[in-house]
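Novice: Going by the working numbering, 39 is the number at position 49 of the sequence shown; the sequence numbering is gapless.
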Amino acid sequence: MPKTILVTGASRGIGASVAKVFADNGYKVLINYNNSVREAEALAVHTGGEAFKADVSDSAAVESMVKSIIEKYGRIDVLVNNAGISVTGLFDMVPDEEVRRLFDINVFGAFNCTKFVLPHMLKRKYGKIINISSMWGETGASCEVHYSAAKAALIGFTKALAKEVGTSGINVNCVAPGFIMTDMNRCYTAEEIADITEEIPVGRCGSTLDVAESVLFLASERASFITGQVLGVNGGMVI
Ligand code: NAP
């Protein structure tokens, strides 16, 4: 029976790459999505996994998704809390509803998924939880104050939960990506991307594969003594 991984927001971008890399490494991948049904279903075919629709901010939908997975596959070995959106704008100009939606998905989404997956990991005394934060959660970004705060919340969540469940065989870690080429960064012009690239010591933007490989490492037994940590995957932009 292969190990199973549930990746939230796996229909596109970083999450899709995580799903592919884990499938290539023998995992049964369970692909969570919200809107991108065609992409999620195609990825399920490509990886031999299965797609599950649930808005991670909807606690009842997450509970039902986890129940279906456990009924069918019996266990979730790895949970990657990746689903996220970004909100940009001057701090006092972002409407409250947008801020609430940001926190509902990026923070409560991770809480919801962990809340329903964790009891099954505790029962088996085994599990790997990996939260996708951001370098902005470490350093803060101008015009992304709410996003930075939400991503910093995931770092606090990672550290505290790692302490709470460490003796139960569960590792909780965080990956903090830098500038990764996905739809999330479509808003940038080629000129802006060139300017950002100049600030990255390795001289290039990150790929989704860069992030996926770091998640694979943290889920592996090679990382069994690593918990409560934040792994920066940012080409040296934050040191
Ligand atoms: P992306 O290409 O925009 O993809 C976002 C993914 O999240 C999609 O699969 C989307 O699914 C899913 N999603 C959004 N809202 C959801 C919800 N309510 N429920 C379930 N899934 C939801 O973004 P990305 O760049 O891959 O980002 C992935 C994660 O990495 C995010 O947490 C982001 O903050 C973080 N990150 C990204 C960067 C970067 O530079 N790209 C840097 C640091 C951190 P649907 O399309 O199916 O709705």
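Where a beta carbon is used, it is the ideal one built from N, C-alpha and C, also for glycine.
Keep in mind that this is a model prediction, so the values were computed, not measured.
May I have the straight-line CA-CA distance separating Ala0 from Thr198, to the nearest angstrom?
Specialist: For the purposes of this step, residue 0 is taken as the residue at position 10 of the sequence shown. For the purposes of this step, residue 198 is taken as the residue at position 208 of the sequence shown. One C-alpha to the other measures close to 12 Å.
Novice: Measuring CA to CA, which of Ala180, Gly117, Val46 is closest to Asn163?
Specialist: Within the sequence shown, residue 163 is the residue found at index 173, counting from 1. The shortest Cα separation from Asn163 among Ala180, Gly117, Val46 belongs to Gly117.
Novice: Taking the beta strand (DSSP E) that Gly222 falls in, what are its first and last residues?
Specialist: On the sequence shown, residue 222 is found 232 positions in, with the first residue counted as 1. Note, Gly222: beta strand (DSSP E), 220 to 223.
Novice: Among Ser124, Gly159, Glu31, whose alpha-carbon lies nearest the alpha-carbon of Met174?
Specialist: Locating residue 174 in the sequence shown gives position 184, where the first residue counts as 1. Per the Cα distances, Ser124.
Novice: If you draw a straight line from the alpha carbon of His136 to that of Val77, how long is it in whole angstroms?
Specialist: Taking the sequence shown and counting its residues from 1, the one referred to as residue 136 is at position 146. Taking the sequence shown and counting its residues from 1, the one referred to as residue 77 is at position 87. Each residue's Cα considered, the two are about 7 Å apart.
Novice: Runs of 3 residues minimum, wholly inside the stretch 90 to 158: which ones carry the beta strand (DSSP E) assignment?
Specialist: The qualifying runs are 117 to 122.
Novice: Hey, would you say the C-beta of Gly293 is under 7 Å away from at least one heavy atom of the ligand NAP?
Specialist: One cannot answer for residue 293 here, as it falls past the ends of the chain, which runs -9 to 229.
Novice: Could you check if Val19 is buried or exposed, using at least 16 other CB atoms within 10 Å of its CB as the buried criterion?
Specialist: Along the sequence shown, one-based indexing puts residue 19 at 29. Around the beta carbon of Val19, 16 or more other beta carbons lie within 10 angstroms, which makes this residue buried.
Novice: Return the residue from the list Ile183, Ala150, Gly196 that minimises the CA-CA distance to Gln219.
Specialist: For the purposes of this step, residue 219 is taken as residue 229 along the sequence shown, with counting starting at 1. In terms of CA proximity to Gln219, Ala150 leads the group Ile183, Ala150, Gly196.
Novice: Give me the DSSP bridge partner(s) of Cys164.
Specialist: For the purposes of this step, residue 164 is taken as the residue at position 174 of the sequence shown. Per DSSP, Asn121, Val220.
Novice: Between Phe147 and Ala100, which are expected to be in contact by the criterion C-beta below 8 Å, what is the C-beta distance as a whole number of angstroms?
Specialist: Taking the first residue of the sequence shown as position 1, residue 147 is located at position 157. Taking the first residue of the sequence shown as position 1, residue 100 is located at position 110. That belief holds up - the Cβ atoms of Phe147 and Ala100 are roughly 7 Å apart, short of 8 Å.
Novice: Flag this pair as yes or no: are the beta carbons of Leu206 and Val165 separated by less than 8 Å?
Specialist: As a first step, residue 206 must be located in the sequence shown, where it is residue number 216. As a first step, residue 165 must be located in the sequence shown, where it is residue number 175. Result no, Cβ atoms of Leu206 and Val165 do not sit closer than 8 Å.
Novice: Going by C-alpha distance, which of Arg28, Gly156, Leu33, Val27 is nearest Val8?
Specialist: Here residue 8 refers to the residue found at position 18 of the sequence shown. The option with the nearest alpha carbon to Val8 is Leu33.
Novice: In the structure shown, what three-state DSSP assignment does Val19 receive?
Specialist: Numbered from its first residue, the sequence shown carries residue 19 at position 29. Of the three classes helix, strand and coil, the one that applies to Val19 here is strand, per DSSP.
Novice: According to DSSP, which residues form a beta bridge with Glu40?
Specialist: Walking along the sequence shown from the start, residue 40 turns up at place 50. Its beta-bridge partners are Leu20.
Novice: Label Cys177 either buried or exposed according to how many other C-beta atoms from any shown protein chain fall within 10 Å of its C-beta, with 16 as the threshold for buried.
Specialist: Counting from 1 along the sequence shown, the entry for residue 177 is found at position 187. So Cys177 ends up on the exposed side.
Novice: Alpha carbon to alpha carbon, how far is Val228 from Phe106? Give it in angstroms, no decimals.
Specialist: In the sequence shown, the residue the question calls residue 106 occupies position 116. In the sequence shown, the residue the question calls residue 228 occupies position 238. Taking the straight line from one Cα to the other gives about 33 Å.
Novice: If you compare alpha carbons, which of Leu112, Ala142, Val35 is closest to Arg65?
Specialist: The residue you call residue 65 lines up with position 75 of the sequence shown. Measuring from the Cα of Arg65, the nearest candidate turns out to be Leu112.
Novice: For the ligand NAP, is there a heavy atom less than 7 Å away from the beta-carbon of Met174?
Specialist: By 1-based counting over the sequence shown, the position of residue 174 is 184. Yes, the beta carbon of Met174 sits closer than 7 Å to at least one heavy atom of the ligand NAP.
Novice: In the DSSP output, what is Thr(-6) paired with across the bridge?
Specialist: Position 4 of the sequence shown, counted from the first residue, corresponds to residue -6. Answer is Lys18.
Novice: Three-state secondary structure (DSSP) at Val46?
Specialist: Residue numbering aside, residue 46 sits at position 56 when the sequence shown is read from its first letter. Val46 falls in the coil class under three-state DSSP.
Novice: Based on Cα-Cα distance, which residue from Asp45, Gly39, Ser26, Ala30 lies nearest to Asn15?
Specialist: Start at 1 with the first residue of the sequence shown, and residue 15 comes out as number 25. Cα-wise, what sits closest to Asn15 is Gly39.
Novice: Can you check which of these residues, Gly226, Leu108, Lys141, Pro(-8), is closest to Gly193 by C-alpha distance?
Specialist: To locate residue 193, count along the sequence shown from 1; it is residue 203. Closest option to Gly193, Cα to Cα, is Gly226.
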